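S.K.: I have a structure here, written as structure tokens, and I will follow up with some questions on it.
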Amino acid sequence: RTEAAMLLAALLYLTLAVSAASDIFAFKLLQRLPYEDGHAFFSPFSISVAMAMVYNGARDISERQLHDALGYTDAGLVEKSNVLSGVMRLLRNLEDMADDAVTLEVANGLLVQKDYAILLDYIMVLQDVFHATAEKVDFVHDNARVVADANEWVSERTGGKITKIVDSLPLDTVAFIMNAVYFKGDWQVEFDTNKTTQRPFYNNGQDLDLVDTMLSLGKYGYTNDYTLDAEVVEIPYNGKDFSMVVVLPRERSGLKGVVRSLSAANFRSVLSRLRMVNLQLRLPKLSLESEYSLVQALGSLGANSIFGSDADLSGISGRKDLYVSEVLHKAVVEVNEKGSEAAAATGII
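In mature numbering (1 follows the signal peptide of the UniProt record, and there is no 0), the protein residues as written are -20 to -1, 1 to 329.
Right under this line is the structure:
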């Protein structure tokens, strides 16, 4: 019993550490993404899981750089085996958290050139840790079909919210790593559709638009936070595990300042200061879609070697002829009176 309890405690620690690493990575990446039309929208979880599949096959300098860039070092994780154990447990926990109230689905996949040998150990970790599917394909002679099948895979696993992750794949592609995430949840207390009205909203603090704005009167976790110079409110979904946290800058032009101030540590601190209060909560209805090439952003986080001849991804094939040429990411979200629906996909060539 003592040994079992110690094992469970160790797994819990690793799960929390990997979760903390994901948060650290999220806020560091947020600082480095371009703001298109005054907004940035992405799923750091999708990106970090996909990149963890690359990390699984990285060695030497590539492994060290990814270990740092993905937040594992800052989260206190030292050994790769501990990272993978934590990722496995975290993915299992997320599966268990989904219920009748909330849908949360995570899928991982790998497409491999049919005549390119992948190490069995790498495939086994992908299957055991990431529940990934692996399939042999022909990027050279059947390229259009492979692209269509990859996009269909993503569409099926994002509820049709993302129908295309890639327009084309180079003929010299030997591996394509895919991740897809889908979320759908209803609010614990739905907004009254009869109270939705058009109200002013300032895009990027400057451009005035009239947008459909929802209204709810009720108790919410709230704080007026001086460290971020912003108001923060937590809006729970049905069930007990998921919520949306909204951060509203006090100043109309204060968004960039808030983003600069955000980090995993101070965000956790802000959440600890939330208190239940009666609020008149107004929230714009949202429908956002973004897509990114993440090579530059990931490189700025220190993961440079994987994108060139210095790459050591020999844990994938046993050879040092692999490198990452592109990291593609798409994310969509819709927020309305009933709840939220969101999806994301990441593809690594």
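Glycine residues also receive a C-beta, built at the ideal position from the N, C-alpha and C atoms.
In this text, all values refer to a predicted model and were calculated from it rather than measured experimentally.
Whole angstroms is fine: what's the gap from D95's alpha carbon to F247's?
M.R.: Numbered from its first residue, the sequence shown carries residue 95 at position 115. Numbered from its first residue, the sequence shown carries residue 247 at position 267. Their Cα atoms are separated by approximately 47 Å.
S.K.: In the DSSP assignment, find the unbroken alpha helix (DSSP H) run with F247 in it and report its ends.
M.R.: Residue mapping note: residue 247 aligns to position 267 of the sequence shown, counting from 1. Residues A244 to S252.
S.K.: Less than 8 Å between C-beta atoms, sequence neighbours within five positions excluded: which residues of the same chain meet that for V67?
M.R.: Position 87 of the sequence shown, counted from the first residue, corresponds to residue 67. Around V67: V(-3), V29, A32, V109 and F110.
S.K.: Helix, strand or coil: how does DSSP classify A6 here?
M.R.: Indexing the sequence shown from 1 puts residue 6 at position 26. Three-state result, A6: helix.
S.K.: Could you compute how far the alpha carbon of L9 sits from the alpha carbon of S42?
M.R.: Taking the first residue of the sequence shown as 1, we reach residue 9 at position 29. Taking the first residue of the sequence shown as 1, we reach residue 42 at position 62. Using only the alpha carbons, I get a separation of about 18 Å.
S.K.: Can you give the Cα-Cα distance for N218 and I142, rounded to whole angstroms?
M.R.: On the sequence shown, position 238 is the one that residue 218 refers to. On the sequence shown, position 162 is the one that residue 142 refers to. Pairing N218 with I142, the inter-Cα distance amounts to about 25 Å.
S.K.: Can you grab the Cα-Cα spacing for the pair V161 / S148, in whole Å?
M.R.: Taking the sequence shown and counting its residues from 1, one reaches residue 161 at position 181. Taking the sequence shown and counting its residues from 1, one reaches residue 148 at position 168. The alpha-carbon atoms of V161 and S148 are separated by roughly 21 Å.
S.K.: Report the CB separation of G237 from D192 in whole angstroms; it is logged as a contact under 8 Å.
M.R.: Locating residue 237 in the sequence shown gives position 257, counting from the first residue. Locating residue 192 in the sequence shown gives position 212, counting from the first residue. Their Cβ separation, rounded to whole angstroms, is 27 Å, which puts G237 and D192 out of contact at 8 Å.
S.K.: How big is the Cα-Cα spacing for A1 and K60?
M.R.: Position 21 of the sequence shown, counted from the start, is the residue given in the question as residue 1. Position 80 of the sequence shown, counted from the start, is the residue given in the question as residue 60. Cα-Cα distance, rounded: 13 Å.
S.K.: Just to confirm before moving on: does the CB-CB distance between L64 and V105 stay below 8 Å?
M.R.: Here residue 64 refers to the residue found at position 84 when the sequence shown is read from its first residue. Here residue 105 refers to the residue found at position 125 when the sequence shown is read from its first residue. The answer is yes: Cβ separation under 8 Å.
S.K.: Could you check the C-alpha separation between E132 and V120 for me, to the nearest Å?
M.R.: Sequence index remark: in the sequence shown, residue 132 carries index 152 (1-based). Sequence index remark: in the sequence shown, residue 120 carries index 140 (1-based). The alpha-carbon atoms of E132 and V120 are separated by roughly 19 Å.
S.K.: So the candidates are E115, L(-10), H19 and V92; which of them puts its Cα closest to the Cα of L57?
M.R.: For the purposes of this step, residue 57 is taken as residue 77 along the sequence shown, with counting starting at 1. Among E115, L(-10), H19 and V92, the Cα nearest to that of L57 is on L(-10).
S.K.: Run through the DSSP bridge pairs and tell me what L208 is partnered with.
M.R.: Walking along the sequence shown from the start, residue 208 turns up at place 228. None, per the DSSP bridge assignment.
S.K.: Shortest alpha-carbon distance to A322 belongs to which of V82, R69 and N62?
M.R.: Working through the sequence shown from its first residue, we reach residue 322 at position 342. Residue V82 is the option with its Cα nearest to A322.
S.K.: Just tell me which of M256, E136, N62 and A49 has its CA closest to the CA of K199.
M.R.: Within the sequence shown, the letter at position 219 stands for residue 199. When only C-alpha atoms are compared, the closest one is M256.
S.K.: Hey, how far is the Cα of I157 from the Cα of G37?
M.R.: The residue you call residue 157 lines up with position 177 of the sequence shown. The residue you call residue 37 lines up with position 57 of the sequence shown. When rounded, the distance between both Cα atoms is 12 Å.
S.K.: Taking the continuous beta strand (DSSP E) assigned at N123, which residues delimit it?
M.R.: In the sequence shown, the residue the question calls residue 123 occupies position 143. For N123, no beta strand (DSSP E) segment is defined; the enclosing uninterrupted segment is the alpha helix (DSSP H) at N123 to R137.
S.K.: From which residue to which residue does the beta strand (DSSP E) around S294 run?
M.R.: Position 314 of the sequence shown holds residue 294. In the DSSP assignment, S294 falls outside any beta strand (DSSP E) and within the unbroken alpha helix (DSSP H) covering S294 to S297.
S.K.: Could you check whether L308 and G327 sit closer than 8 Å to each other, using their CB atoms as the reference points?
M.R.: As a first step, residue 327 must be located in the sequence shown, where it is residue number 347. As a first step, residue 308 must be located in the sequence shown, where it is residue number 328. Cβ distance < 8 Å, so G327 and L308 count as in contact.
S.K.: Once DSSP output is grouped into helix, strand and coil, what is the label at residue 330?
M.R.: Any property of residue 330 remains undetermined from this structure, which presents the chain solely from -20 to 329.
S.K.: If I follow the unbroken beta strand (DSSP E) through G140, where does it start and stop?
M.R.: As a position in the sequence shown, residue 140 is number 160, starting the count at 1. Taken as a continuous stretch (DSSP letters only), G140 belongs to no beta strand (DSSP E), as it is neither H nor E.
S.K.: Could you pull out every residue in the same chain whose Cβ sits closer than 7 Å to the Cβ of S280, ignoring the five residues on either side in sequence?
M.R.: Counting from one through the sequence shown, the residue named residue 280 turns up at place 300. For S280, where only same-chain residues beyond five positions count, the Cβ hits under 7 Å are R12.
S.K.: Determine contact between the stretch 112 to 127 and the stretch 87 to 94, defined as no fewer than three beta-carbon pairs at a distance below 8 Å.
M.R.: yes
S.K.: Can you tell me whether N159 is buried or exposed? The criterion is at least 16 other CB atoms within 10 Å of its CB, across all chains shown.
M.R.: On the sequence shown, residue 159 is found 179 positions in, with the first residue counted as 1. Counting Cβ neighbours within 10 Å, N159 comes out buried, since at least 16 surround it.
S.K.: Using 8 Å for Cβ pairs, my map puts E317 next to F171. What's the rounded Cβ distance?
M.R.: Residue 317 sits at position 337 when you count from the first residue of the sequence shown. Residue 171 sits at position 191 when you count from the first residue of the sequence shown. By a beta-carbon distance limit of 8 Å, E317 contacts F171. Their separation comes to about 4 Å.
S.K.: One question on the structure: do V34 and I215 come within less than 8 Å of each other, judged by their Cβ atoms?
M.R.: The sequence position of residue 34 within the sequence shown is 54, counting from 1. The sequence position of residue 215 within the sequence shown is 235, counting from 1. No; because the gap between Cβ atoms is not below 8 Å, this pair is not in contact.
S.K.: Give the secondary structure of F119 by DSSP, where H, G and I count as helix, E and B as strand, and everything else as coil.
M.R.: Counted from its first residue, the sequence shown places residue 119 at position 139. F119: coil per DSSP, three-state reduction.
S.K.: Taking the C-alpha atoms as reference points, what is the distance between V126 and L(-5)?
M.R.: Position 146 of the sequence shown holds residue 126. Position 16 of the sequence shown holds residue -5. C-alpha separation (whole angstroms): 37 Å.
S.K.: Using a 10 Å radius around the Cβ and a threshold of 16 neighbouring Cβ atoms, would you call D122 buried or exposed?
M.R.: Locating residue 122 in the sequence shown gives position 142, where the first residue counts as 1. Counting Cβ neighbours within 10 Å, D122 comes out exposed, since fewer than 16 surround it.
S.K.: Would you call the CB atoms of R262 and R137 closer than 8 Å?
M.R.: Counted from its first residue, the sequence shown places residue 262 at position 282. Counted from its first residue, the sequence shown places residue 137 at position 157. No, the pair does not count as a contact, with Cβ atoms beyond the cut-off.
S.K.: How would you call P24, buried or exposed, if buried means at least 16 neighbouring beta carbons within 10 angstroms?
M.R.: Residue mapping note: residue 24 aligns to position 44 of the sequence shown, counting from 1. Per the 10 Å Cβ criterion, buried.
S.K.: What does DSSP give as the partner residues of A323 in its beta bridges?
M.R.: One-based indexing of the sequence shown puts residue 323 at position 343. DSSP output for A323 lists Y162 and V312 as bridge partner(s).
S.K.: Bridge partners of L268, per DSSP?
M.R.: Here residue 268 refers to the residue found at position 288 of the sequence shown. Answer is V313.
S.K.: Check whether the Cβ atoms of G185 and S320 lie closer than 8 Å to each other.
M.R.: The residue you call residue 185 lines up with position 205 of the sequence shown. The residue you call residue 320 lines up with position 340 of the sequence shown. Cβ distance not < 8 Å, so G185 and S320 don't count as in contact.
S.K.: If you check the beta carbons only, do A311 and V134 fall under 8 Å apart?
M.R.: Sequence index remark: in the sequence shown, residue 311 carries index 331 (1-based). Sequence index remark: in the sequence shown, residue 134 carries index 154 (1-based). Result no, Cβ atoms of A311 and V134 do not sit closer than 8 Å.
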